[in-house]
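>
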Amino acid sequence: LLRFRTNDGMVRLPCEKDETFITVIKRLVSKNEKQKDNIDLNSIIIDFNNTHLELKLISDDSINDLGFQHGDIVNINYKLKEKPVELLKSAINIDSNNNNNRNDGNINLTESIKGLNLSKISQVSNLKELPVDIVLESQDGLIKRYPNPLLCRHGDKGMCEHCSPIPCYDPKFQEERNFKHLSFHSYLKKLKDSQFNNHSAYVPKPLEQPSFKITKKPSCVHEPWPTGICSKCQPSAITLQQQDFRMVDHVEFLDSEIINSFVDSWRSTGAQRFGILLGSYEEYSSVIDDKDMTQIPPLGIKCQVQQIYEPFQYDEYDGLTFKFDKTCEELKDIVKKFAIIDNLYPVGFVFTDLTDSGKKDGSVLCKRHQDSYFLTNIEIIQAAKWQNLFPNICKDSEEGYFGSKFVACCISGNLNNEIDISTYQVSVNGEALVDADFISGSTDPSMLYLKETDNTRYVPEVFFMKTNEYGLKVKENAKPAFPVEYLLVTLTHGFSKQDTNNSDDANVNKKINSRKLFLTNNTSFPIENREHMGYKQDHYELKTYLADLIYGDDLIKLREKLSNFHLLNYINSLDILSKSEWEILIKATCVNVSDNDDFSPYLLQLLQSPGWQTLVMILQDSI
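In terms of this note's numbering, the sequence shown opens at residue 16 and continues consecutively.
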């Protein structure tokens, strides 16, 4: 027996374990005598265990597969079928709605990355956090302090208030090192410690993902918006201020050639370029004590970039165009191909905004600075959409997720007219504003326009905190527009030590190389989707790139050639290798994917496989 809480009240319905969910829903609809002919099945949203899913995603799953138990309460929200006139209006606006509203397809994309089936409602509460979050949560984050000869009066083994460890979020420690943001786990420990000090019998989860949408509660008896609204379901007034923590602290590119080959697209055509960063999130920390003046924050997280995937796009001199849904489909395909590699998944996006200075010395114009903007309003909205697509799984949040670790990188001219990288994220409030479709771009790139209330959304009062001419914090009304920096979080970036120091220490270089998955980052083999530049991936290019190495005469050189992300992606797209042969190819060419460092057995096994021999025959016949 399942209990369904619907728009029209509670309904109890007996169900069989092997019965499909769509069959149960149809029986549920048939019991509604008043609205059974008007309910739109395509609009039904299932709410269970803090998870919102469309009916079409789980319609063919059985009750047993979804993990429902006897007596469970399932919230069902639906809309009534629109009249012909209303259908015509929605058809006209369908493109803008698809671009502005958060797509539930993010669940499918995230499940591919995490290797979990999020469409199964029963698994939502059992989602695993990223390994880096598990490691950092286990650390206390205390900052060691040494005895002060002027203040401490105890022996060598003693400790007092002047030399006892301090928490990682200590304001004085943050101020001395000029940290503008707490790392996410430092912020989380700060919240947990404040809860512990309250000595309350009930301790809620410290985090809550903000949502500014109208949420009709089961206790609300009125019609849905725009017909009705009450104080329980309408969003409260919003006050924006610059976020004091960041989900990711640093972006590290393991090889400078990754950026160089990406910028080569602009150097060749003068048009801008967009790409998806592939890599992983790793621990970013150093020795934590009060004498360590490094700029690495305690309990930090870094985004480690292995490669850049360039989706299909239309490049222009003053911008670029790509289809968001199509790019998501390409990403799903990439994630599926390289699922065998644990530390290779989408972690951010990068784009260029470069204009040659005309001096013919390689310099570029500086367009982004404190007197103009760092990210435009359109770019911030785009970044928030990507972040909403990749939520950060967090067990300390009521919703099961909080914020996002997805980063945004902009390659533009700096104050010295040099090509430079800037890295950012959008605040969690910014994600919620975009998710609720409250903001849009404006003619001033440094200002975000606040939309008006209409039939699809209720926009509450929005304020932002600013410092006036007297140094006092005051609250200003955000209508009709407010500065973009209230939604912007700045990150640091850099390259691996191998690129910056060129260390002669073999152990240092070995340690750095061990983090790199691919041995080759040059552009000897064409990068995907660059046909407009005259570079096309085809059999002839593959034959030219591998030459006589395809026969396996030199295993070391063959492995080095094959260990190229863009090449591997193209080989997989040919659908010549079987799934097992593809896994052997990955183990033979990608560093640290196999159980041991000896790649020869895998490579020999690949050369003898039917799929590889078929590929060799095709290349031999290529002209």
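The beta carbon of each residue, even a glycine, is placed where N, CA and C say it ideally should be. Just so you know, these numbers come straight off a predicted model, no measurement behind them.
1. In whole angstroms, what is the alpha-carbon distance linking residue 551 and residue 543?
2. List in chain order: all unbroken alpha helix (DSSP H) runs of 4+ residues lying wholly within the stretch 352 to 415.
3. Select from 327, 18 and 566 the residue whose C-alpha is nearest the C-alpha of residue 340.
4. Per DSSP, residue 707 is paired with what?
5. Just the Cα atoms here: how many angstroms apart are residue 266 and residue 469?
6. According to the neighbour-count rule (16 or more other Cβ atoms, all chains shown, within 10 Å of its Cβ), is residue 618 buried or exposed?
7. Within its chain, find whatever has a CB closer than 8 Å to the CB of residue 15; leave out the 5 residues flanking it on each side and keep chain order.
8. Do residue 310 and residue 472 have their C-beta atoms closer together than 8 Å?
9. What is the C-beta distance between residue 438 and residue 487, in whole angstroms, given that I count them as a contact (C-beta under 8 Å)?
10. How long is the line joining the alpha carbons of residue 605 and residue 446, rounded to whole angstroms?
11. Considering only C-alpha positions, which residue in the set 224, 250, 237 and 329 is nearest to residue 230?
12. From which residue to which residue does the alpha helix (DSSP H) around residue 604 run?
13. So, do the stretch 478 to 485 and the stretch 451 to 465 have three or more beta carbon pairs nearer to each other than 8 Å?
14. What do you get for residue 148, buried or exposed, if any count of 16 or more other CB atoms within 10 angstroms of its CB means buried?
15. Within a Cβ cutoff of 8 Å, which residues of the same chain sit near residue 379, ignoring the five residues on either side of it in sequence?
16. Under three-state DSSP, which class holds residue 4?
17. Taking 8 Å as the threshold (C-beta atoms), are residue 362 and residue 403 in contact?
18. Assuming residue 150 is part of the alpha helix (DSSP H), what are its boundary residues?
19. Consult DSSP for residue 20 and reduce its assignment to one of helix, strand or coil.
20. In whole angstroms, what is the alpha-carbon distance linking residue 260 and residue 52?
21. How big is the Cα-Cα spacing for residue 616 and residue 557?
22. From this set, 173, 73, 28 and 313, which residue's C-alpha is nearest residue 154's C-alpha?
23. DSSP three-state call for residue 451: helix, strand or coil?
24. Considering only residues of the same chain and omitting the five flanking positions on each side of residue 392, which have a CB-CB separation below 7 Å?
25. Suppose contacts are defined by Cβ-Cβ distances below 8 Å. Is residue 262 in contact with residue 353 by that definition?
26. What is the residue span of the alpha helix (DSSP H) that residue 156 lies within?
27. Please state whether the Cβ-Cβ distance between residue 576 and residue 561 is less than 8 Å.
28. Is residue 273 helix, strand or coil by DSSP?
In this structure, then:
1. Numbered from its first residue, the sequence shown carries residue 551 at position 536. Numbered from its first residue, the sequence shown carries residue 543 at position 528. Roughly 7 Å separates the two Cα atoms.
2. Taking only runs of at least 4 residues, the alpha helix (DSSP H) segments lying wholly in the stretch 352 to 415 are 392 to 404.
3. Position 325 of the sequence shown, counting from 1, holds the residue named residue 340. The option with the nearest alpha carbon to residue 340 is 327.
4. The first residue shown for the chain is 16 and the last is 638, placing residue 707 beyond what the model contains.
5. To locate residue 266, count along the sequence shown from 1; it is residue 251. To locate residue 469, count along the sequence shown from 1; it is residue 454. Put simply, the backbone Cα of residue 266 is about 40 Å away from that of residue 469.
6. Along the sequence shown, read from residue 1 onward, the residue named residue 618 stands at position 603. Buried, because 16 or more other Cβ atoms sit within 10 Å of the Cβ of residue 618.
7. Look at the range of the chain in this structure, 16 to 638, and you will see that residue 15 is not part of it.
8. Taking the first residue of the sequence shown as position 1, residue 310 is located at position 295. Taking the first residue of the sequence shown as position 1, residue 472 is located at position 457. Against a cut-off of 8 Å, the Cβ pair of residue 472 and residue 310 comes out as no contact.
9. Counting from one through the sequence shown, the residue named residue 438 turns up at place 423. Counting from one through the sequence shown, the residue named residue 487 turns up at place 472. Incorrect: roughly 32 Å between the Cβ atoms, too far for contact.
10. For the purposes of this step, residue 605 is identified with residue 590 of the sequence shown, where counting begins at 1. For the purposes of this step, residue 446 is identified with residue 431 of the sequence shown, where counting begins at 1. Distance between the alpha carbons of residue 605 and residue 446 is about 35 Å.
11. The residue you call residue 230 lines up with position 215 of the sequence shown. The candidate whose alpha carbon is nearest that of residue 230 is 250.
12. Walking along the sequence shown from the start, residue 604 turns up at place 589. From DSSP, the alpha helix (DSSP H) with residue 604 extends over 594 to 604.
13. Here the stretch 478 to 485 makes no contact with the stretch 451 to 465; the two share fewer than three CB pairs at distances below 8 Å.
14. If you number the sequence shown from 1, residue 148 lands on position 133. So residue 148 counts as buried.
15. In the sequence shown, residue 379 corresponds to position 364, counting from 1. Around residue 379: 369, 370, 371, 372, 427, 428, 432, 433 and 434.
16. Past the edges of the chain, shown from 16 to 638, lies residue 4, and the structure says nothing about it.
17. Stepping through the sequence shown from its first residue, residue 403 is reached at position 388. Stepping through the sequence shown from its first residue, residue 362 is reached at position 347. Not a contact, by the Cβ cut-off of 8 Å.
18. Residue mapping note: residue 150 aligns to position 135 of the sequence shown, counting from 1. Its alpha helix (DSSP H) spans residues 146 to 152.
19. Reading the sequence shown from its first residue, position 5 is the one you call residue 20. In the structure shown, the three-state DSSP call for residue 20 is strand.
20. One-based indexing of the sequence shown puts residue 260 at position 245. One-based indexing of the sequence shown puts residue 52 at position 37. Cα to Cα, residue 260 sits roughly 50 Å from residue 52.
21. Stepping through the sequence shown from its first residue, residue 616 is reached at position 601. Stepping through the sequence shown from its first residue, residue 557 is reached at position 542. Approximately 23 Å, taken between the alpha carbons.
22. As a working note, residue 154 is residue 139 in the sequence shown. Comparing Cα-Cα distances from residue 154 to each of 173, 73, 28 and 313, the minimum goes to 313.
23. If you number the sequence shown from 1, residue 451 lands on position 436. The three-state reading of DSSP puts residue 451 in coil, since its state is none of H, G, I, E or B.
24. On the sequence shown, position 377 is the one that residue 392 refers to. If the five residues before and after residue 392 are omitted, its C-beta is found closer than 7 Å to the C-beta atoms of 456, 457, 460, 462, 463 and 499, all from its own chain and listed in chain order.
25. Translated into positions along the sequence shown, residue 262 becomes position 247. Translated into positions along the sequence shown, residue 353 becomes position 338. No, these two residues do not count as a Cβ contact at 8 Å.
26. On the sequence shown, position 141 is the one that residue 156 refers to. Annotation for residue 156: no alpha helix (DSSP H) segment contains it, and DSSP assigns it neither H nor E.
27. Mapped onto the sequence shown, residue 576 falls at position 561. Mapped onto the sequence shown, residue 561 falls at position 546. Yes, Cβ-Cβ distance for residue 576 and residue 561 is below 8 Å.
28. Against the sequence shown, residue 273 aligns to sequence position 258. Of the three classes helix, strand and coil, the one that applies to residue 273 here is helix, per DSSP.
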